[in-house]
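Residue 63 is where the sequence shown starts when you use the working numbering, and the numbers rise one by one after that. Idealized CB from N, CA, C, for every residue including glycine.
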Amino acid sequence: MRKNLNRILFVFLITTMIFPMLSVVAQVEPAQAPRRFRFGIPGTPADHWDQAITPGWSVTDLWYAPFCTQSLVAVNDEFDKGIADDVPASELWLPGLATSWEIEEWWPEEMNSYPDTPFINKGGVKSISFTLRENVKFHDGSDWNATVAKWNIDRLFIITGNLTGRGDTRNLYTFWRRVWEWEYFFTPSWNLSSYKGVYGWYDTWSNPGYAPFQMYPIVNHVEIVDNAESGGKIKVVFNDWNSDIITNWGPLRYISMETYADYWDRGIYGHDPSDPIPHMVGTGPYIYEGHNEAAGGGSM
63 MRKNLNRILF VFLITTMIFP MLSVVAQVEP AQAPRRFRFG IPGTPADHWD QAITPGWSVT
123 DLWYAPFCTQ SLVAVNDEFD KGIADDVPAS ELWLPGLATS WEIEEWWPEE MNSYPDTPFI
183 NKGGVKSISF TLRENVKFHD GSDWNATVAK WNIDRLFIIT GNLTGRGDTR NLYTFWRRVW
243 EWEYFFTPSW NLSSYKGVYG WYDTWSNPGY APFQMYPIVN HVEIVDNAES GGKIKVVFND
303 WNSDIITNWG PLRYISMETY ADYWDRGIYG HDPSDPIPHM VGTGPYIYEG HNEAAGGGSM
């Protein structure tokens, strides 16, 4: 009995010495493959995804680009009122590539010049400042910052207004307004008559040989307030009465300035992932891999 007990104690002692060493031995596991999101969408043609030239209804713009690229803010679906209804921006908007924002200037509430029944214009946003999210990288590893944000906004108006002669005006009416359609609503302060009878311009870009006639861009210009390497702050100054262009339901999502440096005044056509360059290089949770029109599906 004593001999068996001694044997049991000896085995127990050896076990307690060996098991701790075994428990710290590193286990080699294979690297996890990237997770892919695959889907099929029959009947919807694939077209350009670049917001400067997209038709808006293509499968690439509806089902890929919103997940690969992002906007400054998103709209809270629980609120269906606009800024003009005095809903606080903190309730109307949700943070995106901007962590916070401030409506710095409103257009003054003044009587417009509408024939016979003029009324007071209310709720017009003149400028908004955005504090940009820090430590955000594009899929190519470049930083998201104020310089990139300004480049993206400038690019859309330069291309759609064809201000260098290399642009594409197919989305002109999305980003530009006809002066004569809005002049009855002009007030002493909000008055864009300077665009009447002349070729339009955006910020410092002007080219009468190509620019739209008697039209003004929704945004007047973008100022860099804090030019940090990552994040920073910008101020968007508007010509138009509203600010829909910079929200999630406006057509403005942000792409890499590094990858698309040569496309600052021209559109990015197609959707082939290698022709002419990688497509949809943004900050979104998904990286675009490609879409096959024949098969009616793709992955990212």
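Query raised in the report: To the nearest angstrom, how far is it from the Cα of A290 to the Cα of M362?
Result: Rounded to whole angstroms, A290 and M362 show a C-alpha spacing of 31 Å.
Query - Inside the segment 217–300 only - beta strand (DSSP E) runs reaching at least 3 residues - result: For the segment 217–300, whole beta strand (DSSP E) runs of length 3 or above, ordered along the chain, are 238–240, 277–279, 281–288, 294–300.
Query - Beta carbon of V135 nearer than 8 Å to that of G118 - result: Contact annotation: V135 and G118 have beta-carbon atoms that are not nearer than 8 Å.
Requested in this report: State the start and end residues of the unbroken alpha helix (DSSP H) segment that holds F129.
Outcome: From DSSP, the alpha helix (DSSP H) with F129 extends over 127–130.
**Report entry** DSSP three-state assignment for A323, whether helix, strand or coil
**Finding:** Here A323 sits in helix by DSSP.
Query - Burial state of N253, where buried means 16 or more other Cβ atoms lie within 10 Å - result: It is exposed - the Cβ of N253 has fewer than 16 other Cβ atoms within 10 Å.
Report task. Pull up the DSSP beta-bridge partners for E164, would you. Result -> Bridge partners of E164: S191.
Requested in this report: Helix, strand or coil for V121, going by three-state DSSP, please let me know.
Outcome: Residue state, collapsed to three classes: helix.
**Report entry** Candidates V298, W303, P338, D337, of which the one nearest N164 by Cα
**Finding:** The identity of residue 164 in the sequence shown is Glu, whereas the question assumes Asn. With distances taken between Cα atoms, E164 lies closest to V298.
Query - Of the residues Y257, P180, V121, the one placed nearest N282, counting alpha carbons only - result: Cα-wise, what sits closest to N282 is Y257.
Report task. Let me know if D324 comes out buried or exposed under the rule of 16 or more other beta-carbons within 10 Å of its beta-carbon. Result -> Exposed, because fewer than 16 other Cβ atoms sit within 10 Å of the Cβ of D324.
Query raised in the report: Excluding sequence positions up to five away, which residues of its chain have a Cβ less than 8 Å from the Cβ of W189?
Result: Contrary to the premise, residue 189 reads as Ser rather than Trp in this sequence. Excluding positions up to five away in sequence, the list reads I165, E166, E167, K297, V298, V299, F300.
**Report entry** Residues of its chain near C130, where Cβ-Cβ distance is below 7 Å and the 5 sequence neighbours each way are ignored
**Finding:** Taken in chain order, the residues that qualify are M342, G344, G346, Y348, I349, Y350, M362.
**Report entry** Cβ pair count under 8 Å reaching 3, the segment 217–234 against the segment 254–274
**Finding:** Yes, the segment 217–234 touches the segment 254–274.
**Report entry** CA nearest to the CA of R328, picked from N233, D205, S191
**Finding:** Ranking N233, D205, S191 by Cα distance to R328 puts N233 first.
Report task. With a cut-off of 8 Å on the beta carbons, I'd call F363 and Y176 a contact; round off their distance for me. Result -> As shown, the chain starts at 63 and ends at 362. That puts residue 363 outside it, with no answer to give.
Query raised in the report: Whose C-alpha, out of I308, L154, E172, E196, is nearest the C-alpha of T161?
Result: Checking every option, the nearest Cα to that of T161 belongs to E196.
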